[in-house]
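> First the structure, which I've put down as structure tokens, then a few questions once you've had a look.
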Amino acid sequence: MDEVASPPADSSEGSRTDEILVLHVDDDADFADLATTFLERESDVFETVTATGAARGVELLAERDVDCVVSDYDMPGTDGIEFLDMVRESWPDLPFILFTGTGSETVAGRAISRGVTDYIRKGGREQYTLLANRIENAVEAHRAEDRVYEAYRAIETAREGIAILDADGEFAYVNDEYADLYGYEPHELTGEHWERLYREEDVSAVYEDIMPTVQEEGIWRGRTVGKRADGTTFVEDHSLATTESGGIVCVVRPAAESDSTT
82 MDEVASPPAD
92 SSEGSRTDEI
102 LVLHVDDDAD
112 FADLATTFLE
122 RESDVFETVT
132 ATGAARGVEL
142 LAERDVDCVV
152 SDYDMPGTDG
162 IEFLDMVRES
172 WPDLPFILFT
182 GTGSETVAGR
192 AISRGVTDYI
202 RKGGREQYTL
212 LANRIENAVE
222 AHRAEDRVYE
232 AYRAIETARE
242 GIAILDADGE
252 FAYVNDEYAD
262 LYGYEPHELT
272 GEHWERLYRE
282 EDVSAVYEDI
292 MPTVQEEGIW
302 RGRTVGKRAD
312 GTTFVEDHSL
322 ATTESGGIVC
332 VVRPAAESDS
342 TT
């Protein structure tokens with residue numbers, strides 16, 4: 082038997098965003114079936130597809146949207162670490178758990194150096210509880226990283242200038258559009274204080290009028306005058322909003338009727 086998949090969820094229940102598709106690779110098909118049964122008893126979020134070798138495992142990864150790989154180590158032909166290397170070539174961040182009964186500290190060390198997510202020794206039924214927990218934790222961490230990455234991608238490609246100030250008023254993040262509005266590269270603003278982008282006569286107004294509103298209401302929208310690297314100024318539509326960590330998200334675009342220079 083080369084592949085066994087648990088039945089799909091009843092479509093009448095609707096789409097479930099918390100489902101986890103696990104690819105279990107083990108040359109012992111009977112053990113793979115047993116592991117599938119125990120895993121799916123641990124949590125109804127699991128759907129498991131199995132393969133009895135690394136080559137079929139790679140095929141399934143290309144065919145299915147797998148959330149986590151669980152692999153044995155001691156397999157004929159291609160062992161678990163060699164399979165890990167194959168996976169990492171095309172799926173460098175996919176959670177990969179080595180689940181083996183014949184491993185050693187040397188094997189664990191090799192797996193860690195090759196980018197394994199976790200290493201668990203096979204054992205009694207309690208090991209399936211541990212395995213289920215480790216899978217869920219690894220997948221949630223991976224999904225959280227994906228959400229952060231997508232958010233930053235959206236910011237990077239936005240037409241608006243977007244920056245994040247830390248609690249001290251220094252730029253923790255600046256997208257290309259934001260830096261370009263002021264005539265800088267993003268790295269030239271990161272770590273600098275926001276005062277660098279305003280005329281001296283405007284700084285006090287920001288402290289006295291704008292910042293108190295942001296702190297009290299959590300948001301401020303209006304127009305300010307930005308100062309470019311070459312000393313010229315432009316009128317900007319400006320939005321500020323506080324973050325949970327005490328920082329501020331800044332969104333800026335040139336005002337339509339701005340003359341752009343003074």
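Each residue of the sequence shown is one higher than the one before, starting from 82 at the first, in my numbering. In this text, a Cβ means the ideal position worked out from N, Cα and C, and glycines have one as well. Because the structure is a prediction, the values reported are computed rather than measured.
#1: Assign N256 to buried or exposed, taking buried as 16 or more other Cβ atoms, counted over all protein chains shown, within 10 Å of its Cβ.
#2: How would you label T159, buried or exposed, when you count the other beta carbons within 10 angstroms and need 16 or more for buried?
#3: Return helix, strand or coil for G158, following the three-state DSSP convention.
#4: Run through the DSSP bridge pairs and tell me what Y254 is partnered with.
#5: Is it buried or exposed, E226, if we count other Cβ atoms within 10 angstroms and call 16 or more buried?
#6: If you follow the alpha helix (DSSP H) that A322 is in, where does it begin and where does it stop?
#7: Taking C-alpha atoms, which residue in E258, I329 and L262 lies nearest to P293?
#8: What would DSSP say about Y172, mapped onto helix, strand or coil?
#9: E251 and H274 - do their beta-carbons sit closer together than 8 Å?
#10: Could you work out which residue in T210, V151, D166 and R169 is closest to R122 when comparing CA atoms only?
#11: On the CB-based measure, 16 or more other CB atoms within 10 Å of its CB, does C190 come out buried or exposed?
#12: Across which residues does DSSP place R304 in a beta bridge pair?
#13: For the alpha helix (DSSP H) containing L270, name the first residue and the last one.
#14: Evaluate I193 with the Cβ neighbour count: other Cβ atoms within 10 Å of its Cβ, from every protein chain shown; 16 or more gives buried, anything less gives exposed.
#15: Applying the 10 Å Cβ sphere with the 16-neighbour rule, what's the burial state of G327?
Let me spell this out:
#1: By one-based count along the sequence shown, residue 256 stands at place 175. With 16 or more Cβ atoms within 10 Å of its Cβ, N256 is classed as buried.
#2: Residue numbering aside, residue 159 sits at position 78 when the sequence shown is read from its first letter. Buried, since its Cβ has 16 or more Cβ neighbours within 10 Å.
#3: Numbered from its first residue, the sequence shown carries residue 158 at position 77. If DSSP states are grouped into helix, strand and coil, G158 belongs with coil.
#4: For the purposes of this step, residue 254 is taken as residue 173 along the sequence shown, with counting starting at 1. DSSP output for Y254 lists I245 as bridge partner(s).
#5: Taking the sequence shown and counting its residues from 1, the one referred to as residue 226 is at position 145. By the neighbour-count rule (16 or more Cβ atoms within 10 Å), E226 is not buried but exposed.
#6: Along the sequence shown, one-based indexing puts residue 322 at 241. Going by DSSP, A322 is part of no alpha helix (DSSP H) but of the beta strand (DSSP E) stretching over T314 to T323.
#7: One-based indexing of the sequence shown puts residue 293 at position 212. Of the candidates E258, I329 and L262, the one whose C-alpha sits nearest the C-alpha of P293 is I329.
#8: Numbered from 1 along the sequence shown, position 91 holds the residue referred to as residue 172. Here residue 172 turns out to be Trp, not Tyr, going by the sequence shown. Residue state, collapsed to three classes: coil.
#9: Position 193 of the sequence shown, counting from 1, holds the residue named residue 274. Position 170 of the sequence shown, counting from 1, holds the residue named residue 251. Contact: yes.
#10: Taking the sequence shown and counting its residues from 1, one reaches residue 122 at position 41. Of T210, V151, D166 and R169, the residue nearest in Cα terms is T210.
#11: Taking the sequence shown and counting its residues from 1, the one referred to as residue 190 is at position 109. Here residue 190 turns out to be Gly, not Cys, going by the sequence shown. By the neighbour-count rule (16 or more Cβ atoms within 10 Å), G190 is not buried but exposed.
#12: Indexing the sequence shown from 1 puts residue 304 at position 223. Paired residues: D318.
#13: Along the sequence shown, one-based indexing puts residue 270 at 189. Note, L270: alpha helix (DSSP H), P267 to L270.
#14: Stepping through the sequence shown from its first residue, residue 193 is reached at position 112. By the 10 Å Cβ count, I193 comes out exposed.
#15: Locating residue 327 in the sequence shown gives position 246, counting from the first residue. Around the beta carbon of G327, fewer than 16 other beta carbons sit within 10 angstroms, so the residue counts as exposed.
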